[in-house]
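What follows is a set of notes on a single structure, which appears directly below.
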Amino acid sequence: MIQLTSLKKIGLLFTSVILLTACSTSGDKQFSNRKVSFNSDWSFHLNDSIKDKDTIGTSTQWRTLDVPHDWSIEGKFDEKSPGGYGGGSLNGGLGWYKKTFKVAVEDSTKITSITFDGVYKNSEVWINGHYLGKRPNGYIGFQYQITPYLKYGDKNNEIIVKVDNSKQPNSRWYSGSGIFRNVWIETTNKLHVAQWGTYITTPKVTAEKASVNIETTIKNQYAEGKKATVTTTIFKDETKVTSVTQNITLNANASQTIKQLAEVENPVLWSDENPELYTAVTEISLDDKIIDQYKTTFGIRDFKFDLNKGFILNGKQVKIKGVCMHHDLGPLGSAINTRAIERQLEILKEMGVNGIRTSHNPPATELLELCDKMGFIVMDEAFDMWKQTKTKYDYGNDWDKWHKQDLIDQLLRDRNHASIFMWSIGNEIPEQWSETGVEIAKELAAITRQYDKTRPLTAGMNPPVNMNIDAVTLQFEKKDVSINPLAGSGVLDLIGYNYAHQTFEYHQKNFPKTPFIATETTSGLQTRGYYDAVSDTIKKWPVRWDLKFTEGNPGNTVSAYDQVQTPWGSTHEATWKIIKKHDFLAGMYVWTGFDYIGEPTPYEWPSVSSYFGIVDLAGFPKDVYYMYQSEWTKKDVLHIFPHWNWKTGQTVDVWAYYNNADEVELFVNGKSVGKRAKKGDDLHVMWRIPFDAGTLKAISRKGGKVVLEKEIKTAGNPSQLKLTADRSTIKADKNDLSFVTVDILDANGTIAPNANNEINFSLKGNGKIVGVCSGDPVSHESYKGTKHTALAGKCLVIVQSGDKSGRLELTAKANGLKQATIVITTE
């Protein structure tokens, strides 16, 4: 074994390591594809903390895989995990990745770099025995130029990446471990646009014309000065809109930022409802030959946050109806997959969401690209802590050395995204209540405004005002308000409220010069499909989770009715009622859109994932999803719950969320049990009725005419399985996914709402099962297995394509149930 503690010993390592990975060639690339994927055919080794320590060598056992990769999600849930239940009770550790590759001889005159979009955490990289560097922050991308160390032609190159996530806890939620975002090889001419080298702004926007400012940083890595021509052409879809050209002279081994101004006639504006995008193509020509091409996607839009009217986008008042999202993808862990992110955003868009907060770290680039295309108003957040730590080994330990570089890199990477409308420099920072925090905020604000002056700055403060909150009634005492030092410092452009919904209505009085944004709200708690609010238990559940759960919560469940909240938060309805009421309240980001791994408030072990989501970990909506859909969309909505399988005569509370109607009438087995209409600011209606097996039916009407009808039937014994794919045709690219929902039905095809059968999966064809999940926060079954226990009659299995077109045949089996098979086509 060789311990990696010095460059000398690193050199020894490469004389003894056996090359096990497949080779890949960068080769010549067209300018439009100067950056190519470097994800395939890595070798991976996870150290045994006792046997391996900090070493690898000739006897090290490797396995081949593709990145992005999260090794923590592959492990077993562990009550004694050093990351704790906050980290999802999954272990970190120390892992190694290596890959061999060849570089074409013709690339020897070019510049070659390797880019990592994110490695969690404490990554160190070597190429052919040369140490490239270390990056502690797991969420930020970084690049190393590897040209001086490469071998060309038939000679092998080897890259090694050490990832150290062994010191735990270092996060308040599940982080994952490994090269969990994409890796790229970039090959350019020695004269080229720098990494993240463009900055596009639209300072003047009208319906008739938009001015487009383009700043481009160009690097000359030739040993002599160069005269070149830079042309930037703006396209809308495939159509050329306009073009600007400039001649430049660059000294040897120097960088230069040039400014170009273009005008777009009759611009098509980006909005959350119509997310129209443009592409700027920057070309560098040397001796009349194009030697580099760099593409930048951007949007043309005009916006502001107003003291009285909230958020104004393209002259129109828009309420931000957003959610906070952590970075994990449920059963896929933290390994980024574009389709998985897209599916999450599709589910949220269908609910009416138009905003995403990237809590509490720089997000994957793929998320921002999708938000650009799909129309989300993004709050891009940098830090969960500053110098003062929240967990023993978190980023606070790296703050002094790395925070400036990490923030600059995030700003350079993200600032062209049309979807980003505000920067958040921190979340619930302990220093917010001190002058030290104000000074740090001033530094971060100065950095942010140096690199982008077009977006306002905020922070998630908890709260902006110091409140006296009665522990039981949560009543805001107006007589005892003092301003948070950070909120009152004048550093921030938007006052960001984490909770404190009781103070929202007083914002203009407390902060007369600074607009409002609710950076984090609600913290309602629910288990999908679990209902306790029936007459014999309704008084046993507390309004707040911190009041002792004495009865009514078997198996660490929480009521799926919107009635349980954290002490610092509210129910979903309570906060939205306030935001909805006042124009000056620009909008909110609900905690959270999806459940996430870790932080299983209100419980500890055996719970391992959160209860906060409006959608569960598998992507199945909870009932409150339809409250938001009825409020946040124009589509007709009628949703009734709970299920209709109870004891005969048992009293049940039936809720209905609806819109675009005057009333809802409820029927049990054809007999009306009454009409209900929302009064005042009500967001649902309710009936308390005795259970009678059969059919529960709701009809919404407007002006006496039927708008919608919905039925829930009493299910018999579980009898069969049903498989439904979100997409029956996927790409044969080794990355695309089909999310298959498994429903447990009775003999008549009615979902069995209490069924929790174990379901086994098998797959035929060129693909693989990459995830299984039911959304149960207490389940300790592996998300990476081929079997899983259903929750409330539902389960999810995720199928990933291979690299060949054909048929994938997925079969689900469970004891005593009729099996089901579905075919997914890859092409």
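Counting from 1, position 785 in the sequence shown corresponds to residue 785 in UniProt numbering; the numbering is continuous, with no gaps.
Glycine is no exception: its CB is placed at the ideal position from the N, C-alpha and C atoms.
None of the values given here were measured: they were computed from a predicted structure.
Range covered by the alpha helix (DSSP H) that runs through residue i
i, result
"W632", "V624 to W632"
"M379", "M379 -> not in any alpha helix (DSSP H); beta strand (DSSP E) instead, spanning I377 to E381."
"L277", "Careful: L277 lies outside any alpha helix (DSSP H) and carries neither H nor E."
"M374", "T365 to M374"
"E505", "It is not in any alpha helix (DSSP H) - E505 carries neither H nor E in the DSSP assignment."
"E346", "T338 to M351"
"E573", "H572 to K581"
Residue environment, residue i, which counts as buried when at least 16 other CB atoms sit within 10 Å
i, result
"L261", "exposed"
"A446", "exposed"
"residue 894", "Outside the modelled stretch of the chain, which goes from 1 to 827, sits residue 894, for which no answer is possible."
"A335", "buried"
"N750", "In the sequence as presented, Asn is not what sits at residue 750; that position holds Thr. That one is buried."
"S108", "exposed"
"K321", "buried"
"K479", "In this prediction, K479 scores a pLDDT of 45, lower than 50, which makes its location untrustworthy; no coordinate-derived value is stated."
"T823", "Thr is not the amino acid found at residue 823; the sequence shown has Val there. The residue is exposed, with fewer than 16 neighbouring Cβ atoms inside 10 Å."
"D272", "buried"
"K80", "exposed"
"A471", "Only weak support is given to the placement of A471: the predicted model assigns it a pLDDT of 31, under 50, and the question is left unresolved by the model."
"Q450", "exposed"
"G315", "exposed"
"K121", "buried"
"S26", "Because the pLDDT of S26 is 32, which lies under 50, any placement of that residue in the model is unreliable, and the question is left without a value."
"D288", "exposed"
Residues that DSSP places opposite residue i in a beta bridge
i, result
"A518", "M588"
"I185", "V36 and I114"
"E124", "K134 and K162"
"Y497", "M461"
"S285", "T229 and I290"
"W42", "L65"
"W655", "F641 and M686"
"S672", "F667"
"W399", "DSSP output for W399 lists no bridge partner at all."
"E743", "Residue identity check: residue 743 is Asp in the sequence provided, not Glu. Answer is K722 and K794."
"N213", "T201 and L261"
"M325", "T358"
"K734", "K734 pairs with nothing; no bridge assigned."
"Y220", "Contrary to the premise, residue 220 reads as Asn rather than Tyr in this sequence. Its beta-bridge partners are L191 and A254."
"P621", "V615"
Host beta strand (DSSP E) of residue i (start-end)
i, result
"Y451", "Premise fails: Y451 lies in the alpha helix (DSSP H), E435 to Y451, not in any beta strand (DSSP E)."
"Q260", "A254 to E265"
"W687", "V685 to P690"
"Q195", "L191 to V205"
"W644", "It is not in any beta strand (DSSP E) - W644 carries neither H nor E in the DSSP assignment."
"T109", "T109 -> no beta strand (DSSP E), and no H or E assigned at all."
"W423", "I420 to N427"
"W96", "G93 to F101"
"H788", "K787 to T789"
"E758", "E758 to K764"
"G310", "G310 to L313"
"Y85", "Neither: Y85 is in no beta strand (DSSP E) and is coded neither H nor E."
"T825", "A820 to T826"
Within-9 Å CB hit, residue i to chain D
i, result
"E711", "The question asks about chain D, but that chain is absent: this structure has only one protein chain."
Own chain, CB closer than 6 Å to residue i, minus 5 neighbours either side, in chain order
i, result
"K76", "none"
"W591", "C324, E520, T522, S523 and F612"
"K259", "E215"
"K569", "Before going on, a small fix: residue 569 reads as Gly here, not Lys. So the qualifying residues of the chain are Y499, T522 and S523."
Spatial neighbours of residue i in its chain, beta-carbon cut-off 8 Å, leaving aside the 5 residues before and after
i, result
"N39", "D66, V67, P68, N182 and V183"
"K390", "R172, D384, G396 and P430"
Own chain residues within Cβ distance below 7 Å of residue i, not counting five before or after
i, result
"P600", "Y85, S607, V608, S609, S610, Y611 and P777"
"T825", "S728, T729 and R807"
- Determine contact between the region 774-784 and the region 663-671, defined as no fewer than three beta-carbon pairs at a distance below 8 Å. Cβ pair count under 8 Å is below three, so no.
When you compare the region 340-358 with the region 185-196, are there three or more beta-carbon pairs, one atom per stretch, that lie closer than 8 Å?
At 8 Å Cβ cutoff, the stretches do not touch.
Please determine if the region 406-422 and the region 124-140 are in contact, where contact requires at least 3 C-beta pairs separated by less than 8 Å. The region 406-422 makes contact with the region 124-140, as at least three CB pairs between them are under 8 Å.
request  = Please determine if the region 761-768 and the region 636-649 are in contact, where contact requires at least 3 C-beta pairs separated by less than 8 Å.
outcome  = No, because fewer than three Cβ pairs between the region 761-768 and the region 636-649 fall closer than 8 Å, the two stretches do not touch.
Quick check: the region 716-736 against the region 804-814, are at least 3 beta-carbon pairs closer than 8 Å?
Pairwise C-beta distances place the region 804-814 in contact with the region 716-736, as three or more of them are shorter than 8 Å.
**Item:** the region 680-687 contacting the region 648-665, beta-carbon criterion three pairs below 8 Å
**Value:** The region 680-687 makes contact with the region 648-665: 3 or more CB pairs, one atom from each, lie closer than 8 Å.
Say whether the region 245-260 touches the region 294-312, bearing in mind that this needs 3 or more beta-carbon pairs closer than 8 Å, one atom from each stretch.
Three or more beta-carbon pairs separated by less than 8 Å are not found between the region 245-260 and the region 294-312, which leaves the two stretches without contact.
When the Cβ atoms of the region 111-123 are set against those of the region 613-631, are three or more pairs found closer than 8 Å? With fewer than three CB-CB distances shorter than 8 Å, the region 111-123 does not count as touching the region 613-631.
Three CB pairs or more closer than 8 Å across the region 215-225 and the region 194-201:
Yes, since at least three Cβ pairs between the region 215-225 and the region 194-201 fall closer than 8 Å, the two stretches touch.
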